[in-house]
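Asker: Before I ask anything, let me first share the structure, which is written out below as structure tokens.
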Amino acid sequence: MISSLTIRNHYTTELKRCINKVILLLPLNKPCKIYLNGSTITIEDGIIINNADLFQLFDVQDLMELSLPLPLFFEKDSTLSTSFFDFNHIQFVEQFRNLVLDNLHSTLQDEAPAHRYISNIIEFLIKEAKVTSNNVYIPPLNTKHPLVQQITEYIHQHIYDKLSTKNVSNAFYISQSYISILFSNVLNMNFKHYTTSLRIALSLFDLLHGNKSIYDVAVKYQFANVSTYSKHFKHYIHIPPKRYVHYFRQEYFNEPKQIDMDKSKLLRYFAQIQKSSQQMNQIVNTINLSTLTFNEIFKEPYTFILLDNFDDLIHFVSSISSQSDVHVFPKSNIVIQDTNINHLNGLKLQQVLSSIHHLINKNFYITLKVTPTILTEQSNTVLRKLLIACTKQLSWMTLYLDFTVNEVRDLPQFIDEVKQNYPKLKIGIKLDTILTHCSHITQIHRFMSLLNVDFYYINLNLIALAELISQKDKRINSDDSLKARILMFINNMSSEHAKKLILINLTHSALKQCYNDDKQDTHVVLAQFLIEFNQLVGGFGYPYYSDNHDRIMLFNQFQSAMPVVHIYGLLSPFYKQQLAILPYAYVTKTHMHYHLLLFNHLNRSSFSVNINHNFIKPFPILSRLINSEHGVISNLIPQNLNQTYLDNSLLKQINRSNYPRLKLTMHSFKDPLIFKLPKSSLLYIKISIN
Numbered sequence: 001m002i003s004s005l006t007i008r009n010h011y012t013t014e015l016k017r018c019i020n021k022v023i024l025l026l027p028l029n030k031p032c033k034i035y036l037n038g039s040t041i042t043i044e045d046g047i048i049i050n051n052a053d054l055f056q057l058f059d060v061q062d063l064m065e066l067s068l069p070l071p072l073f074f075e076k077d078s079t080l081s082t083s084f085f086d087f088n089h090i091q092f093v094e095q096f097r098n099l100v101l102d103n104l105h106s107t108l109q110d111e112a113p114a115h116r117y118i119s120n121i122i123e124f125l126i127k128e129a130k131v132t133s134n135n136v137y138i139p140p141l142n143t144k145h146p147l148v149q150q151i152t153e154y155i156h157q158h159i160y161d162k163l164s165t166k167n168v169s170n171a172f173y174i175s176q177s178y179i180s181i182l183f184s185n186v187l188n189m190n191f192k193h194y195t196t197s198l199r200i201a202l203s204l205f206d207l208l209h210g211n212k213s214i215y216d217v218a219v220k221y222q223f224a225n226v227s228t229y230s231k232h233f234k235h236y237i238h239i240p241p242k243r244y245v246h247y248f249r250q251e252y253f254n255e256p257k258q259i260d261m262d263k264s265k266l267l268r269y270f271a272q273i274q275k276s277s278q279q280m281n282q283i284v285n286t287i288n289l290s291t292l293t294f295n296e297i298f299k300e301p302y303t304f305i306l307l308d309n310f311d312d313l314i315h316f317v318s319s320i321s322s323q324s325d326v327h328v329f330p331k332s333n334i335v336i337q338d339t340n341i342n343h344l345n346g347l348k349l350q351q352v353l354s355s356i357h358h359l360i361n362k363n364f365y366i367t368l369k370v371t372p373t374i375l376t377e378q379s380n381t382v383l384r385k386l387l388i389a390c391t392k393q394l395s396w397m398t399l400y401l402d403f404t405v406n407e408v409r410d411l412p413q414f415i416d417e418v419k420q421n422y423p424k425l426k427i428g429i430k431l432d433t434i435l436t437h438c439s440h441i442t443q444i445h446r447f448m449s450l451l452n453v454d455f456y457y458i459n460l461n462l463i464a465l466a467e468l469i470s471q472k473d474k475r476i477n478s479d480d481s482l483k484a485r486i487l488m489f490i491n492n493m494s495s496e497h498a499k500k501l502i503l504i505n506l507t508h509s510a511l512k513q514c515y516n517d518d519k520q521d522t523h524v525v526l527a528q529f530l531i532e533f534n535q536l537v538g539g540f541g542y543p544y545y546s547d548n549h550d551r552i553m554l555f556n557q558f559q560s561a562m563p564v565v566h567i568y569g570l571l572s573p574f575y576k577q578q579l580a581i582l583p584y585a586y587v588t589k590t591h592m593h594y595h596l597l598l599f600n601h602l603n604r605s606s607f608s609v610n611i612n613h614n615f616i617k618p619f620p621i622l623s624r625l626i627n628s629e630h631g632v633i634s635n636l637i638p639q640n641l642n643q644t645y646l647d648n649s650l651l652k653q654i655n656r657s658n659y660p661r662l663k664l665t666m667h668s669f670k671d672p673l674i675f676k677l678p679k680s681s682l683l684y685i686k687i688s689i690n
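Dropping the structure here:
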């Protein structure tokens, strides 16, 4: 019996039923999409198409298709009629992929290697991927069209009865022509083809292991006679049923297996992949978990979420019940940048107060950006009322002072007066004004030491900040890299002051310049920046949304989470833990788990990380991957749709897809633990300690 092995590239099929074979699909480069039994599925590691399944391929690329004749499975297992194979049921996915892919460089057209290759795969599938049920396997069709769903369920329940459009029209009180239209428009398959192909696929089990004659099988599946059954059987299987049964009983299928493939094309393809792999995997890194040294504690930074005004605050509170992504940030501080309260009537003020109380009860801090003038104006009683109304919660609140150059001299005294009036209230200042006003770095440091404040906000982007401090500090050379100048600026001030710095204007262009990175996506360098600078400064701030697309923002105009949100999600297990820091990874260990964050900022190369451990039994591994295909919303919604209305149901589907790829596997302690990092990727790994 001949199997077939093919590499599909830019390949699309019509909808068809898998009959007399089991098809294994393995993506070799990147995920592919297929239609399977009514659902569109993204294949990442692999998928198995069973006998009787409906499937269709959509422009797949670098997809290995291995087609195995169904009788080869009957040789090893006679209970297949009530079973099916599920790729997700395989615990050791990498081991199986290696079993399938590792031998493809050899000459599989020779009978002996081909026989071993196919037998090993079939035995693995029966042992690891088989799912047994109480009934004959009839694949359910999952369609969003409720009537088609009901009709196909009716067909499956009555597959052994007479079935025609007339029977169905009587059962559902609809016309026969409408049934034909439904199947044609919704399934792209006519009614007769759907039912006949399903009956032929199911009848194979009866022919081979039911001890039934061809006549009995034809009668069971409601074919008019043996001739009609044989005609349809030959159409789908390409041989008559009598010869099919004869081949099986004469053990024709037990003869040495062969694989039908274009040897030259296949070997040339894999030679190209191997050559590319050698170029891409020049670096193989090894992490020995038992010898790691955990020194530096990864602190929790403040996260400042910038809102424009009180109206945005009210909207923010109403949205967080459904927007769970905002809860990934540590020590979240909501900043209202425009606190002009002259327009607030009594109702609006109550809504603002209610929103503030609600957020504080949810462990959010609140920051009000104000000018000294507003606080000193005797007529401005609304802001004072707001502070008085929040007296019991002032320890959760901060005043962010935005002052002019003319107000710099009186600033220390003003801050002391505010502290006296509101001792629990935190104070932050906009440091940009001092940086601009002072002529030398020592003057800046001296003035900072006079201020009894909790935060120094820097609203300048990093490029503008580096240019400014290069003028103030002769030790900083303007020819130095952007990152070197920022680091020197921070390291030259006292640790006490540095820990109060809040960088609230991070931009894509600055991050690219910091890390000499020219890629469009900045998720990897952003993660590196946050981890590296987290130990030096007090925290970071981001606008909830900004029309300036160079800024790192939390959500886009469709309220879809940007990569920075997912990055904070990956970092959450590391807070308050001791870190082992490697050039390509951060590792921490708790009582129950190892947590690793691997990063690859290379644009054209991937690399492998080998993790050595001392475990003595299988252990689960949870991984989350961020790259251009997972967790980067800009690749889901192109820029030309930015000004387009998108239906809410469509946005919900997009947002459900806008997350890092989550994968849970059980790993055999005997197998090597190797992770391959694709280009421009972040990979979080959680390993349970046993």
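Taking full-length UniProt numbering, the leading residue of the sequence shown gets 1, the next gets one more, and so forth. Don't be surprised by glycine CBs; every beta carbon is placed ideally from N, CA and C.
Please identify the residue among 487, 472 and 134 whose C-alpha is closest to the C-alpha of residue 533.
Answerer: When only C-alpha atoms are compared, the closest one is 487.
Asker: Does the structure place the segment 324–336 close enough to the segment 615–623 that three or more beta carbon pairs sit under 8 angstroms?
Answerer: Taking 8 angstroms as the limit for Cβ pairs, the verdict is that the segment 324–336 does not touch the segment 615–623.
Asker: Which of the three DSSP states, helix, strand or coil, is assigned to residue 304?
Answerer: It is a strand residue.
Asker: What are the boundary residues of the alpha helix (DSSP H) that residue 231 is part of?
Answerer: Start and end: 226–237.
Asker: Buried or exposed: where does residue 667 fall if 16 or more other Cβ atoms within 10 Å of its Cβ makes it buried?
Answerer: With 16 or more Cβ atoms within 10 Å of its Cβ, residue 667 is classed as buried.
Asker: Any idea which residues DSSP pairs residue 65 with across the strands?
Answerer: For residue 65, which the question treats as bridged, DSSP gives the partners 6 and 25.
Asker: Please name the residue or residues paired with residue 288 in a DSSP beta bridge.
Answerer: BP columns for residue 288 point to 612.
Asker: Buried or exposed: residue 388, going by 16 or more other Cβ atoms within 10 Å of its Cβ?
Answerer: With fewer than 16 Cβ atoms within 10 Å of its Cβ, residue 388 is classed as exposed.
Asker: Give the range of the beta strand (DSSP E) segment to which residue 338 is assigned.
Answerer: Start and end: 332–338.
Asker: Would you decide whether residue 476 is buried or exposed? Buried here means 16 or more other CB atoms lie within 10 Å of its CB.
Answerer: With 16 or more Cβ atoms within 10 Å of its Cβ, residue 476 is classed as buried.
Asker: Taking just the CA atoms, how far does residue 170 sit from residue 521?
Answerer: Going by the C-alpha atoms only, they are around 57 angstroms apart.
Asker: CA-CA distance, residue 432 and residue 453?
Answerer: About 15 angstroms.
Asker: Quick test of the definition: if touching needs 3 or more C-beta pairs under 8 angstroms, does the segment 5–22 touch the segment 55–72?
Answerer: The answer is yes - the segment 55–72 touches the segment 5–22, with three or more Cβ pairs under 8 angstroms.
Asker: Give every residue of the same chain whose Cβ lies closer than 8 angstroms to the Cβ of residue 41, excluding the five residues on either side of it in the sequence, and list them in chain order.
Answerer: Closer than 8 angstroms at Cβ, skipping near neighbours: 33, 34, 35 and 47.
Asker: Give the range of the alpha helix (DSSP H) segment to which residue 600 is assigned.
Answerer: Here residue 600 belongs to no alpha helix (DSSP H); instead the beta strand (DSSP E) covers 593–600.
Asker: Could you say which of 215, 235 and 232 lies nearest to residue 226 if we only look at CA atoms?
Answerer: Residue 226 has its Cα closest to that of 215, out of 215, 235 and 232.
Asker: Excluding sequence positions up to five away, which residues of its chain have a Cβ less than 6 angstroms from the Cβ of residue 545?
Answerer: So the list reads 553 and 555, once near-sequence residues are dropped.
Asker: What number of angstroms, rounded off, separates the C-alpha of residue 580 from the C-alpha of residue 295?
Answerer: Taking the straight line joining both Cα atoms gives about 6 angstroms.
Asker: State buried or exposed for residue 144, treating a residue as buried only when at least 16 other CB atoms are found within 10 Å of its CB.
Answerer: By the neighbour-count rule (16 or more Cβ atoms within 10 Å), residue 144 is not buried but exposed.
Asker: Hey, could you find the ends of the beta strand (DSSP E) residue 728 is sitting in?
Answerer: The displayed coordinates of the chain run from 1 to 690. Any statement about residue 728 would go beyond what the structure contains.
Asker: Can you tell me whether residue 184 is buried or exposed, with buried defined as 16 or more other CB within 10 angstroms of its CB?
Answerer: Classification of residue 184: exposed, given that the 10 Å Cβ count is below 16.
Asker: If you run the structure through DSSP and keep just helix, strand and coil, what is residue 79?
Answerer: Residue 79: coil per DSSP, three-state reduction.
Asker: Buried or exposed: which applies to residue 235, given that a residue is buried once 16 or more other Cβ atoms fall within 10 Å of its Cβ?
Answerer: Residue 235 comes out exposed.
Asker: Can you check DSSP and say which residues form a bridge with residue 384?
Answerer: Beta-bridge pairing links residue 384 to no other residue.
Asker: Could you check whether residue 222 and residue 166 sit closer than 8 angstroms to each other, using their CB atoms as the reference points?
Answerer: The answer is no: Cβ separation not under 8 angstroms.
Asker: Identify, in the order they occur along the chain, each residue of the same chain with its Cβ nearer than 6 angstroms to the Cβ of residue 610, setting aside the five sequence neighbours on each side.
Answerer: Closer than 6 angstroms at the Cβ level, and outside the excluded window around residue 610, lie 286 and 674.
Asker: In the DSSP assignment, find the unbroken beta strand (DSSP E) run with residue 503 in it and report its ends.
Answerer: Note, residue 503: beta strand (DSSP E), 501–503.
Asker: Could you give the uninterrupted runs of the alpha helix (DSSP H) lying entirely in the UniProt domain "HTH araC/xylS-type" (149–247), keeping only those of 4 residues or more?
Answerer: Entirely contained in the UniProt domain "HTH araC/xylS-type" (149–247), the alpha helix (DSSP H) runs reaching 4 residues are, in chain order, 165–172, 176–182, 191–209, 214–220 and 226–237.
Asker: Mind reading off the beta-carbon distance from residue 661 to residue 44? Whole number of angstroms is fine, and I expect it under 8 angstroms.
Answerer: With a Cβ gap of about 7 angstroms, residue 661 and residue 44 count as contacting.
Asker: Among 444, 443 and 505, which residue has its Cα nearest to the Cα of residue 460?
Answerer: If we check each option's Cα against that of residue 460, 505 comes out closest.
Asker: Using C-beta distances below 8 angstroms, list every residue in its chain close to residue 220, excluding the 5 sequence neighbours before and after it, in chain order.
Answerer: Taken in chain order, the residues that qualify are 160, 203, 206 and 212.
Asker: Within the chosen definition, does the segment 581–600 reach the segment 343–360 through at least 3 CB pairs nearer than 8 angstroms?
Answerer: No: fewer than three Cβ pairs fall under 8 angstroms.
Asker: Tell me which residues share the same chain as residue 621 and place their Cβ nearer than 6 angstroms to its Cβ, disregarding the 5 neighbours each side in the sequence.
Answerer: So the qualifying residues of the chain are 665, 667 and 687.
Asker: Run through DSSP, which three-state label would residue 541 get?
Answerer: Strand at residue 541.
Asker: Give the straight-line distance between the Cα atoms of residue 634 and residue 135, rounded to the nearest whole angstrom.
Answerer: Spanning the two alpha carbons is a distance of roughly 46 angstroms.
Asker: Could you tell me the boundaries of the beta strand (DSSP E) in which residue 364 lies?
Answerer: Careful: residue 364 lies outside any beta strand (DSSP E) and carries neither H nor E.
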